[in-house]
Structures are given as C-alpha cells and as structure tokens.
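Heads up, the sequence shown is in the working numbering, so the first residue is 1 and it goes up one at a time. Comments concern the structure below.
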Amino acid sequence: MIALLTLILLNLPTRTSTRLKSAISGVFLPLFGLAATSQQVSEKAGNTIVPRKILLKENDALTQTNT
C-alpha cells in the first residue's frame, strides 16, 4: 500500500507534486508553532518559580566574575 502511494507520488507532474508538498507542509506548521509556544511558556514558568534571593545571588556572582 505504501509502496503504491510512493510510486504514485513520485510519478506526479511537477506542478501537482509541488502543490501537494506545499499542502502537506502546511499541515505541520501549526504543530511547530505549538511546540515553540509550549517551550516559551515552560521557560517563563521556570523563571517565575526561581526565588528572588537566588536570582540576586547569581547576579552578584556574575557581576564579580565580569569585573
């Protein structure tokens, strides 16, 4: 079944093949957007969980290493 579909897709005219590839790639774009958004949300959540005291200590340590 898959081999038959592959042969059909490979034998399509160039214009039709290009349109089909564009349509298939359009299906995956929302998934990539969702993955990027979920990664940003998790990073923001991680940043809000870190206590201010720890952030100040890290800031001081970085300031000392940079001077």
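Idealized CB from N, CA, C, for every residue including glycine. Since the structure is predicted, the reported quantities are computational estimates derived from the model, not experimental observations.
Give the straight-line distance between the Cα atoms of residue i and residue j, rounded to the nearest whole angstrom.
i: T48; j: L62; result: 20 Å
i: S25; j: S42; result: 26 Å
i: L7; j: T14; result: 14 Å
Are residue i and residue j close, meaning C-beta to C-beta below 8 Å?
i: L10; j: L20; result: no
What residues in its chain sit with their C-beta under 8 Å from that of residue i, if we drop five residues either side in the sequence?
i: S17; result: L9
Going by beta carbon distance, what residues of the same chain come within less than 6 Å of residue i, once the five residues before and after it are set aside?
i: T67; result: none
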